[in-house]
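Residue numbers (the numbering used here): 1 to 344.
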């Protein structure tokens, strides 16, 4: 599993880079308003610590999840325990989210305190093999500990955005007095707003890149731990289509999910606009295979490639393609535990 070091390196550099950007960002604000520079370092450290401590609580409240009692869902519990034992990680707490869309996610501060939450829609719309593939994916996040990093990093771009919006509004409504002092204050707020927007975009780019990478690693791990890449391929196609039908706005915690509702809507919308082209058997319905082929073609478009830069997840077909490569290697008898992440 040598290539797992690349994910760890990416997580480490992302933490350093985003923290450095924020330290410089807050230092600039301190200089503009003539505050002590030490406040920038303290402010960055306190915010990261606060996000680490309250992040899981925020996820719990925003998703309205309910923790499952022992033996409340014997099949789900036994499946998670089997794969967790095989992965060499502690059994996570299980939770159910009252949501009819097919999705799942993990969150927590440590591997021992991790929670694996599944939507009611996941168990209704996917078969057991597909759910097993999803569970393997989520346990991959626990195995890699990337969800802890995402809990901390995902809030930093949000903070920059809040500062940008706040200072921009203050600058707009600050009186346009001719007094030099008031003019300087207005200019200072505008400067902070512009810097904040730049920091928001740059830090978001860093966080989203890591988010997409960790999804590929979790997909590859699911193929390994379940021994069935095909199960997750089928699950991802169903999840993408199912999420695209949801009328609800995407959750602020969507980076934690196996599927991103916002991206799913975009992917399926582009395909449905060309439904006649992709409906190969002309029955008026796109089946799973036709949907996968459509995703493959759409994933090659320039718009999708550019849009992916700020996406929390890779395009669905890129994920399916990775799993197909692993499946082919398994069928040829060349797949070993040393090649779990070889196709990333």
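Glycine included, each C-beta is placed from N, C-alpha and C at the ideal position.
Kindly list the residues whose CB is nearer than 6 angstroms to the CB of residue i, restricted to its own chain and excluding five residues on each side of it in sequence; keep chain order.
| i | result |
| --- | --- |
| residue 97 | 63, 65, 117, 119 |
| residue 18 | 153, 156, 203, 206 |
| residue 233 | 320, 323 |
| residue 91 | 81, 84 |
| residue 51 | 152, 155 |
| residue 48 | 152 |
| residue 89 | 111, 142, 143 |
| residue 329 | 335 |
Classify residue i as buried or exposed, calling it buried when 16 or more other Cβ atoms lie within 10 Å of its own Cβ.
| i | result |
| --- | --- |
| residue 247 | exposed |
| residue 72 | exposed |
| residue 332 | exposed |
| residue 212 | buried |
| residue 70 | exposed |
| residue 231 | buried |
| residue 45 | exposed |
| residue 235 | buried |
| residue 5 | exposed |
| residue 127 | exposed |
| residue 284 | exposed |
Please state the DSSP three-state secondary structure of residue i.
| i | result |
| --- | --- |
| residue 328 | helix |
| residue 340 | coil |
| residue 66 | strand |
| residue 313 | coil |
| residue 257 | strand |
| residue 151 | helix |
| residue 8 | helix |
| residue 91 | coil |
| residue 47 | helix |
| residue 105 | strand |
| residue 17 | helix |
| residue 116 | strand |
Hey, residue i and residue j are a contact pair by Cβ (cut 8 angstroms); roughly how many whole angstroms apart?
| i | j | result |
| --- | --- | --- |
| residue 196 | residue 237 | About 39 angstroms separates the two Cβ atoms, so there is no contact after all. |
| residue 40 | residue 27 | 4 angstroms |
| residue 315 | residue 295 | 7 angstroms |
| residue 95 | residue 79 | That pair is no contact at about 15 angstroms. |
| residue 225 | residue 25 | Wrong, their Cβ atoms sit about 40 angstroms apart, outside the cutoff. |
| residue 105 | residue 239 | Wrong, their Cβ atoms sit about 12 angstroms apart, outside the cutoff. |
| residue 103 | residue 243 | 7 angstroms |
In whole angstroms, what separates the C-alpha of residue i from that of residue j?
| i | j | result |
| --- | --- | --- |
| residue 260 | residue 184 | 43 angstroms |
| residue 268 | residue 297 | 12 angstroms |
| residue 107 | residue 147 | 6 angstroms |
| residue 227 | residue 262 | 30 angstroms |
| residue 135 | residue 217 | 14 angstroms |
| residue 312 | residue 334 | 32 angstroms |
| residue 138 | residue 187 | 47 angstroms |
| residue 317 | residue 292 | 7 angstroms |
| residue 289 | residue 130 | 15 angstroms |
| residue 160 | residue 42 | 16 angstroms |
| residue 172 | residue 37 | 27 angstroms |
| residue 113 | residue 7 | 22 angstroms |
| residue 87 | residue 221 | 10 angstroms |
| residue 208 | residue 286 | 30 angstroms |
| residue 192 | residue 3 | 40 angstroms |
| residue 140 | residue 219 | 8 angstroms |
| residue 54 | residue 308 | 29 angstroms |
| residue 99 | residue 76 | 17 angstroms |
| residue 348 | residue 194 | The question about residue 348 has no answer, for the chain in this structure spans 1 to 344. |
| residue 22 | residue 158 | 12 angstroms |
Spatial neighbours of residue i within its chain, please: C-beta separation below 7 angstroms, excluding the five flanking residues on both sides.
| i | result |
| --- | --- |
| residue 255 | 150, 154, 211, 312 |
| residue 189 | 167, 170, 171, 174 |
| residue 11 | 146, 149, 210 |
Please list, in chain order, all residues of the same chain as residue i whose beta carbon is under 8 angstroms from its beta carbon, the five residues on each side excluded.
| i | result |
| --- | --- |
| residue 15 | 149, 152, 153 |
| residue 241 | 264, 268, 291 |
Got a sec: does the ligand NAP put a non-hydrogen atom nearer than 7 angstroms to the Cβ of residue i?
| i | result |
| --- | --- |
| residue 193 | Among the ligands in the structure shown, none appear at all, so the ligand NAP cannot be discussed. |
Taking only beta-carbon positions, decide if residue i is within less than 8 angstroms of chain B.
| i | result |
| --- | --- |
| residue 56 | Absence of chain B from the displayed structure is noted, only one protein chain being present. |
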